[in-house]
Amino acid sequence: MTLKGKTMIVTGAAGGMGKATVALLLEEGANVAGCDLHTDSLDEFNGHPGFMAYQGNLLAEDTVRHIFKETFDRFGSIDGLANILGIAQSATPIEDCSLDDYRKIMDVNMTSIFLTCREAAHYMRKQQQGKIVNIGSVSTTRPRPGLQCYVASKGAVESFSKALALELAADQINVNVLHPGPADTTMLGQFSGEGANVDDTKKEVFEKSVPLGRLLKPEDIAQSVKFLLSEETNMVTGSVLHVDGGRNI
Ligand SMILES: NC(=O)c1ccc[n+]([C@@H]2O[C@H](COP(=O)([O-])OP(=O)(O)OC[C@H]3O[C@@H](n4cnc5c(N)ncnc54)[C@H](O)[C@@H]3O)[C@@H](O)[C@H]2O)c1
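The numbers in the numbering used here rise by one with no breaks, and the one at position 45 of the sequence shown is 552.
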């Protein structure tokens with residue numbers, strides 16, 4: 508399985524799962540445009556001829572347009588898009604959720620996906636091929652109290668991806684969703700409620716919820732993103748891949 512010479516855009520590239528995905532795709536021979544609000548943690552890839560870092564907010568239409576154009580101009584195609592960006596919600600009773608918090612979570616987790624997928628479709632339709640992977644969350648099937656906005660945003664990602672899979676199928680563009688289980692990244696701690704002990708919550712709540720007995724590693728997610736971006740999945744579209752150690756059961 509190789510992605511040699513294919514060009515991939517990865518969002519949330521500086522985060523736990525994003526960075527592991529960038530590293531793996533580069534190792535597989537792909538060109539990678541890694542986009543994030545802050546790109547300092549991607550500095551180690553800067554010498555790589557197939558790597559470009561983009562620092563920007565993926566909620567800005569112009570930024571998204573610019574990223575896709577620059578990537579296409581430099582590498583000549585856009586073969587894959589892995590939407591890994593996202594923000595957590597600190598567990599909060601609904602009565603205490605502000606409208607601003609709700610809008611921010613929906614915007615980052617869903618509007619960014621609308622904007623990047625729209626731009627990807629523009630390039631991929633012309634190429635008559637392309638692969639899109641949008642990251643959701645196991646919480647869409649196994650919600651936890653206090654995460655109602657986050658769960659809603661990830662449910663929207665799943666529905667949107669299925670609708671888009673159908674819409675783009677005639678142009679040989681695959682759109683799939685990957686739902687991670689609890690993964691050992693900085694985000695996991697951010698799901699804890701106010702005043703909760705983050706390390707205890709990770710161990711006692713999240714780790715214990717995984718039948719296979721450990722938290723996911725960013726590399727576990729990266730391997731499955733790579734699979735969904737590869738030619739091994741040419742006939743897979745509109746699917747949901749659970750990479751969660753069995754948490755969804
Ligand atoms: N960590 C978990 O346990 C877990 C579980 C299920 C799903 N997920 C999902 O997996 C994905 C990756 O999670 P992670 O654990 O690697 O998180 P992370 O916080 O380490 O990484 C997320 C990245 O997204 C970036 N980002 C946020 N808003 C952005 C914006 N507007 N523009 C550009 N970049 C932006 C952040 O800067 C960050 O680098 C997310 O979509 C998350 O919701 C995570």
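We put the beta carbon where it would ideally sit given N, CA and C, even for glycine.
(request) Since I believe L565 is in contact with L592 (beta carbons under 8 Å), could you give me their beta-carbon distance rounded to a whole number of angstroms? (result) Indexing the sequence shown from 1 puts residue 592 at position 85. Indexing the sequence shown from 1 puts residue 565 at position 58. Going by Cβ atoms, the distance from L592 to L565 rounds to 6 Å, so yes, they are a contact pair.
(request) Pull up the distance between the alpha-carbon of T648 and that of N755, whole angstroms please. (result) Start at 1 with the first residue of the sequence shown, and residue 648 comes out as number 141. Start at 1 with the first residue of the sequence shown, and residue 755 comes out as number 248. Spanning the alpha carbons of T648 and N755 requires a straight line of approximately 6 Å.
(request) Using a threshold of 9 Å, state whether the C-beta atoms of F552 and A530 are closer than that. (result) Residue 552 sits at position 45 when you count from the first residue of the sequence shown. Residue 530 sits at position 23 when you count from the first residue of the sequence shown. Between F552 and A530, the CB-CB gap stays under 9 Å.
(request) Specify the secondary structure class of Q730 as computed by DSSP and reduced to three states. (result) For the purposes of this step, residue 730 is taken as residue 223 along the sequence shown, with counting starting at 1. In this structure, Q730 counts as helix in the three-state DSSP scheme.
(request) Reducing DSSP to helix, strand and coil, say where L696 ends up. (result) Translated into positions along the sequence shown, residue 696 becomes position 189. The identity of residue 696 in the sequence shown is Gly, whereas the question assumes Leu. Helix.
(message) For ligand 1, is there any heavy atom lying closer than 8 Å to the beta carbon of H686?
(response) Within the sequence shown, residue 686 is the residue found at index 179, counting from 1. Result yes, Cβ under 8 Å from ligand 1.
(message) Just to confirm the assignment, what range does the alpha helix (DSSP H) spanning G523 have?
(response) For the purposes of this step, residue 523 is taken as residue 16 along the sequence shown, with counting starting at 1. DSSP places G523 inside the alpha helix (DSSP H), whose first and last residues are 523-534.
(request) Provide the residue span of the alpha helix (DSSP H) that contains I574, from first to last. (result) Position 67 of the sequence shown, counted from the first residue, corresponds to residue 574. For I574, the enclosing alpha helix (DSSP H) covers residues 568-582.
(message) Using only the alpha-carbon positions, how far apart do K513 and E701 sit?
(response) Looking up residue 513 in the sequence shown gives position 6. Looking up residue 701 in the sequence shown gives position 194. Their Cα atoms are separated by approximately 44 Å.
(request) Would you mind giving the Cβ-Cβ distance between A560 and L549, rounded to the nearest angstrom? I have them listed as a contact below 8 Å. (result) Here residue 560 refers to the residue found at position 53 of the sequence shown. Here residue 549 refers to the residue found at position 42 of the sequence shown. So it is a contact: roughly 5 Å between Cβ atoms.
(request) Figure out for me which residue from L544, D543, V539, G563 has the closest Cα to the Cα of G554. (result) The residue you call residue 554 lines up with position 47 of the sequence shown. Looking only at L544, D543, V539, G563, the smallest Cα-Cα distance to G554 is reached by V539.
(message) Quick check on L675: does DSSP put it in helix, strand or coil?
(response) The residue labelled residue 675 in the question sits at position 168 within the sequence shown. Reduced to three states, the DSSP call for L675 is helix.
(request) Give me the Cα-Cα distance between D678 and I585, rounded to the nearest whole angstrom. (result) Against the sequence shown, residue 678 aligns to sequence position 171. Against the sequence shown, residue 585 aligns to sequence position 78. Computed Cα separation, rounded: 14 Å.
(message) Residues in the same chain with beta-carbon distance under 7 Å from T502, minus the five sequence neighbours each way, listed in chain order, please.
(response) Since the first residue of the chain shown is 508 and the last is 756, residue 502 is not available in this structure.
(request) Assign V732 to one of two classes, buried (16 or more other C-beta atoms within 10 Å of its C-beta) or exposed (fewer than that). (result) Taking the sequence shown and counting its residues from 1, one reaches residue 732 at position 225. So V732 counts as buried.
(request) Could you give the DSSP three-state label for M559: helix, strand or coil? (result) Numbered from its first residue, the sequence shown carries residue 559 at position 52. The three-state reading of DSSP puts M559 in strand, counting E and B together.
(request) Please say whether A676 and G745 have beta carbons closer to each other than 9 Å? (result) Translated into positions along the sequence shown, residue 745 becomes position 238. Translated into positions along the sequence shown, residue 676 becomes position 169. Taking 9 Å as the cut-off, the beta carbon of G745 is found closer than this to the beta carbon of A676.
(message) Q697 and S619 - do their beta-carbons sit closer together than 9 Å?
(response) Here residue 619 corresponds to residue number 112 of the sequence shown, with the count starting at 1. Here residue 697 corresponds to residue number 190 of the sequence shown, with the count starting at 1. With a cutoff of 9 Å on beta-carbon distance, S619 and Q697 are scored as not near each other.
(request) Return yes when the C-beta of S666 is under 8 Å from any heavy atom of ligand 1, and no when it is not. (result) Indexing the sequence shown from 1 puts residue 666 at position 159. For S666, the Cβ stays outside the 8 Å cut-off from all heavy atoms of ligand 1.
(request) Return the CA-CA distance between P556 and P600, expressed in angstroms with no decimal places. (result) By 1-based counting over the sequence shown, the position of residue 556 is 49. By 1-based counting over the sequence shown, the position of residue 600 is 93. Pairing P556 with P600, the inter-Cα distance amounts to about 48 Å.
(message) Taking only three categories from DSSP, how would you classify C656?
(response) Against the sequence shown, residue 656 aligns to sequence position 149. DSSP, reduced to helix, strand and coil, places C656 within a helical segment of the structure shown.
(message) Tell me which residue opens and which closes the alpha helix (DSSP H) that I585 is part of.
(response) Translated into the one-based positions of the sequence shown, residue 585 becomes position 78. Per DSSP, I585 belongs to no alpha helix (DSSP H) and is neither H nor E.
(message) Taking 8 Å as the cut-off, is the beta-carbon of C542 closer than that to any non-hydrogen atom of ligand 1?
(response) Here the question's residue 542 lines up with position 35 in the sequence shown. Checking the Cβ of C542 against ligand 1 gives yes.
(message) Counting C-beta neighbours from all protein chains within 10 Å, is the total for L673 16 or more, i.e. buried, or is it exposed?
(response) The residue you call residue 673 lines up with position 166 of the sequence shown. Of the residues assessed, L673 falls on the exposed side of the cut-off, its CB having fewer than 16 other CB atoms within 10 angstroms.
(message) Let me make sure I understand the geometry here. Which of N616, V640, D569, A659 has the alpha-carbon closest to that of T740?
(response) Walking along the sequence shown from the start, residue 740 turns up at place 233. When only C-alpha atoms are compared, the closest one is V640.
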